[in-house]
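Engineer: Structure incoming, see below.
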Amino acid sequence: MDKMSLFSLLLVSLPEALLVTTLGFQLAGLKIKPRQLISIAAAQTVFSYFIRLSPIPFGLHSLVQAAVYILILRIITGLSWWRAAIIALLGLVVYAALEAAILPPLLNITGYTLEEVIATDYLRITVFLPEAVLILLFIIACRRYNFHLLDFASGLNRPALLNDTGKRTEKAYLNLYILLLLPLLLLAVLNMVLFVSRTGAFPKFYPDLFAASFSLILVTVVVLSMGALRKISALTEMEFEARKAEETIAQLDKLIRTIRKQRHDFNHHLQTVYGLLEVGSCNEARRYVKKMFLDISNPAEVVKTDNPGISAMLFAKAGLAEGRGINFSVQVDCSLQNIPLTPMEASSLLGNLLDNAIKAAGAFSGGQRHVRLEITREPGEYIFTVANTGDPMTPEMLERMYEPHCTTGKNSRGLGLAIVKEIVDKHSGRIAVEHAGGETVFTVKIPDKGVSRRD
């Protein structure tokens, strides 16, 4: 390697470390204290001086410097290994790419060789100045327009808000950032090594040794990338499960609020009946109770099944439909005690289908509004049919309705049908939709436990 003079260290290596560090923090969306910046640059400059005295081949020394640079960032700033690595790689990738793009044409324009630049301090500084000016202008522009690739600042301000799944997801994404940036750095360094090898500035075996090391590192990066992608896929599935649970909790919350409202109303009714009995108006009390019984008996009969969880959910939906002036009917022609769905799955499947039907019927102004649910059992499968009056779905909506976040509601997150489809697929079931007789009809078929499905 080449030996740098103290003059070159102070006017090239030190400013270079200052710019790379500032650039890395800017692209990561973080601010660095001036004292920390100077300490990092000074430590990196000292290490750069000593590594150039070592017999480490050109090219490999850049990778060693990058590893030590990450260690220096970690020690001085106290950032996590992941964030320190990403900040270092962001700055180094941009600088290495810029150097690889500027140095060859600059040497062609000036007519100097690489050996002359390395051996002469003022030439080394002259070649460094264009790179330094471009990076400085880029940093100023990023700060002027508040540009950054990542937003580590917000992540550092909310560590307590992340649950275990959120922390694992964040770590997996940080890992993926590193695996994306590392090959870019390797490509930039390899490009520079190939250029240097053509100039003959260093022994020929150096590029060969670097190429072998480069191949080994690439294989490692590929293996780690596959692991990171697999982990992110698993975490994405967990995130979807969490959203499903959130939807189910929302269904239960609606049920609880309905029950509370009915309890509140029932207390008022009891007080009225008690008052009528106290004043001796027995006939009035009898008529009042009869009317109250007729009002509440219809929804109660509508939701009568032998599955308490489904009955409770349907009771809440009946109240919701009644409150919107929608005729709600349920027909159950089989036992629901042994359906192959868990209570949460049954609530999510039927609840989301009925919610969509009630919304569609409520928005319909072209005639009678009603929602009906039919549950039947045929050999080998249960059949759930949810129908509502309303306008037919558009072809675009029919094509995208099972995609997450696909919705026509302004305040809806569009997860309902995606959750239904996920539950149906999990149980190897089928789902179909059609518009017939003025109704939009969803039909779900779920195979029975231990019984082969008949097509």
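Residue numbering for the sequence shown follows this note's numbering, starting at 676 and increasing by one per position.
Just so you know, even glycine gets a beta-carbon here, dropped at the ideal spot from N, CA and C.
No experiment lies behind these values; they were computed from the predicted model shown.
1. Please list the segments of the beta strand (DSSP E) lying wholly inside the segment 1009-1090, counting only runs of 3 or more residues, in order along the chain.
2. Is it true that the segment 798-809 meets the segment 771-785, where meeting means three or more beta-carbon pairs spaced less than 8 Å apart?
3. Would you call the segment 997-1004 and the segment 1044-1053 in contact, with 3 or more CB pairs under 8 Å?
4. Leaving aside the five residues before and after I1050 along the sequence, list all residues of the same chain whose C-beta is less than 6 Å from its C-beta, in chain order.
5. Please work out which residues of its chain come closer than 6 Å, Cβ to Cβ, to L693, disregarding the five sequence neighbours upstream and downstream, and give them in chain order.
6. Between L865 and H1102, what straight-line distance do the alpha-carbon atoms span, to the nearest angstrom?
7. Use the C-beta contact count for H943: other C-beta atoms within 10 angstroms, 16 or more gives buried, fewer gives exposed.
8. Since I believe V1116 is in contact with G1104 (beta carbons under 8 Å), could you give me their beta-carbon distance rounded to a whole number of angstroms?
9. Three Cβ pairs or more, each shorter than 8 Å: is that satisfied between the segment 979-991 and the segment 1008-1016?
10. By how many angstroms is the C-alpha of V1061 removed from the C-alpha of S1131?
11. Residues bridged to P1122 by DSSP?
12. According to DSSP, F870 sits in a beta bridge with which residue or residues?
13. Which residue from F990, G955, M1076 puts its Cα closest to that of I1094?
14. Please state whether DSSP places N783 in a helix, a strand or coil.
15. Should K1085 go down as buried or exposed, given a rule of 16 or more other Cβ atoms within 10 Å for buried?
16. How do the segment 949-962 and the segment 1012-1032 stand: do at least 3 beta-carbon pairs fall below 8 Å, yes or no?
17. Return the first residue and the last residue of the beta strand (DSSP E) that S986 is part of.
18. Name the residue from A763, L1092, T697 whose alpha carbon lies nearest to the alpha carbon of I815.
19. A1111 by DSSP, collapsed to three states: which one?
20. Whole angstroms is fine: what's the gap from Q701's alpha carbon to R999's?
21. For the alpha helix (DSSP H) that contains S1103, what are its first and last residues?
22. Less than 8 Å between the beta carbons of G1113 and T1064, yes or no?
23. Just list the alpha helix (DSSP H) runs in the segment 685-725, keeping only unbroken ones of 4 residues or longer that don't cross its boundaries, in chain order.
24. If you draw a straight line from the alpha carbon of S688 to that of T720, how long is it in whole angstroms?
25. To which residues does DSSP link Q1006 through a beta bridge?
26. Who are the near neighbours of V695 in its chain, counting only those whose CB is closer than 7 Å to its CB and skipping five residues on each side?
27. DSSP has V808 in a bridge; who is on the other side?
28. So, L773 versus Y787, is the Cβ gap smaller than 8 Å?
29. In the DSSP assignment, what are the bridge partners of V1116?
30. At which residues does the alpha helix (DSSP H) containing L738 begin and terminate?
31. Are I1033 and K992 touching if we call contact CB-CB under 8 Å?
32. Is it buried or exposed for H736, if we count other Cβ within 10 angstroms and need 16 for buried?
33. At the level of alpha carbons, what is the spacing between Q711 and T752?
34. Need the endpoints of the alpha helix (DSSP H) that L789 sits in, please.
35. Consult DSSP for V802 and reduce its assignment to one of helix, strand or coil.
36. How close, in whole Å, do the beta carbons of G1055 and P1122 come, if the pair is a contact with beta carbons under 8 Å?
Structural biologist: So, to answer that:
1. 1045-1053, 1056-1064
2. yes
3. Touching, yes, given that three or more Cβ pairs across the two stretches are closer than 8 Å.
4. The count along the sequence shown starts at 1 and reaches residue 1050 at position 375. Excluding residues within five positions, the ones whose Cβ falls inside 6 Å are V1007, F1059.
5. Along the sequence shown, one-based indexing puts residue 693 at 18. The answer, listed in chain order, is A716.
6. Reading the sequence shown from its first residue, position 190 is the one you call residue 865. Reading the sequence shown from its first residue, position 427 is the one you call residue 1102. Distance between the alpha carbons of L865 and H1102 is about 52 Å.
7. Taking the sequence shown and counting its residues from 1, the one referred to as residue 943 is at position 268. Flag for H943 reads exposed.
8. Here residue 1104 is taken as the residue at index 429 of the sequence shown, counted from 1. Here residue 1116 is taken as the residue at index 441 of the sequence shown, counted from 1. Contact doesn't hold; Cβ gap of about 16 Å is too wide.
9. yes
10. One cannot answer for residue 1131 here, as it falls past the ends of the chain, which runs 676 to 1130.
11. Working through the sequence shown from its first residue, we reach residue 1122 at position 447. In the DSSP assignment, P1122 is bridged to E1056.
12. Sequence index remark: in the sequence shown, residue 870 carries index 195 (1-based). The partner list for F870 (beta bridge, DSSP) is empty, contrary to what the question assumes.
13. As a position in the sequence shown, residue 1094 is number 419, starting the count at 1. When each option's Cα is compared against that of I1094, the closest is M1076.
14. Against the sequence shown, residue 783 aligns to sequence position 108. Of the three classes helix, strand and coil, the one that applies to N783 here is helix, per DSSP.
15. The sequence position of residue 1085 within the sequence shown is 410, counting from 1. In this predicted model, K1085 has a pLDDT of only 42, less than 50, meaning its place in the structure is not dependable; the value taken from the coordinates is given anyway. Answer is exposed; the Cβ neighbour count stays below 16.
16. no
17. Against the sequence shown, residue 986 aligns to sequence position 311. Taken as a continuous stretch (DSSP letters only), S986 belongs to no beta strand (DSSP E), being part of the alpha helix (DSSP H) at 983-998.
18. The residue you call residue 815 lines up with position 140 of the sequence shown. Out of A763, L1092, T697, T697 has the C-alpha closest to the C-alpha of I815.
19. Residue 1111 sits at position 436 when you count from the first residue of the sequence shown. Strand at A1111.
20. Within the sequence shown, residue 701 is the residue found at index 26, counting from 1. Within the sequence shown, residue 999 is the residue found at index 324, counting from 1. When rounded, the separation of the alpha-carbon atoms in Q701 and R999 is 54 Å.
21. Mapped onto the sequence shown, residue 1103 falls at position 428. No alpha helix (DSSP H) holds S1103; DSSP gives it neither H nor E.
22. On the sequence shown, residue 1113 is found 438 positions in, with the first residue counted as 1. On the sequence shown, residue 1064 is found 389 positions in, with the first residue counted as 1. Cβ atoms of G1113 and T1064: closer than 8 Å.
23. 689-702
24. To locate residue 688, count along the sequence shown from 1; it is residue 13. To locate residue 720, count along the sequence shown from 1; it is residue 45. Each residue's alpha carbon lies about 6 Å from the other.
25. For the purposes of this step, residue 1006 is taken as the residue at position 331 of the sequence shown. Among the bridge pairs identified by DSSP, Q1006 is matched with E1049.
26. Here residue 695 refers to the residue found at position 20 when the sequence shown is read from its first residue. So the qualifying residues of the chain are G766, L767, Y770.
27. Reading the sequence shown from its first residue, position 133 is the one you call residue 808. Per DSSP, none; premise fails for V808.
28. For the purposes of this step, residue 773 is taken as residue 98 along the sequence shown, with counting starting at 1. For the purposes of this step, residue 787 is taken as residue 112 along the sequence shown, with counting starting at 1. At least 8 Å separates the beta-carbon of L773 from that of Y787.
29. Counting from 1 along the sequence shown, the entry for residue 1116 is found at position 441. Its beta-bridge partners are A1062, E1109.
30. Start at 1 with the first residue of the sequence shown, and residue 738 comes out as number 63. Segment 735-752, the alpha helix (DSSP H) holding L738.
31. As a position in the sequence shown, residue 1033 is number 358, starting the count at 1. As a position in the sequence shown, residue 992 is number 317, starting the count at 1. Contact flag set, yes.
32. If you number the sequence shown from 1, residue 736 lands on position 61. By the neighbour-count rule (16 or more Cβ atoms within 10 Å), H736 is buried.
33. Locating residue 711 in the sequence shown gives position 36, counting from the first residue. Locating residue 752 in the sequence shown gives position 77, counting from the first residue. Q711 and T752: Cα-Cα distance of roughly 7 Å.
34. The residue labelled residue 789 in the question sits at position 114 within the sequence shown. That run of the alpha helix (DSSP H) goes 789-794.
35. Locating residue 802 in the sequence shown gives position 127, counting from the first residue. Note: V802 maps to helix in three-state DSSP.
36. Position 380 of the sequence shown, counted from the first residue, corresponds to residue 1055. Position 447 of the sequence shown, counted from the first residue, corresponds to residue 1122. Yes, G1055 and P1122 are in contact; Cβ-Cβ is about 6 Å, under 8 Å.
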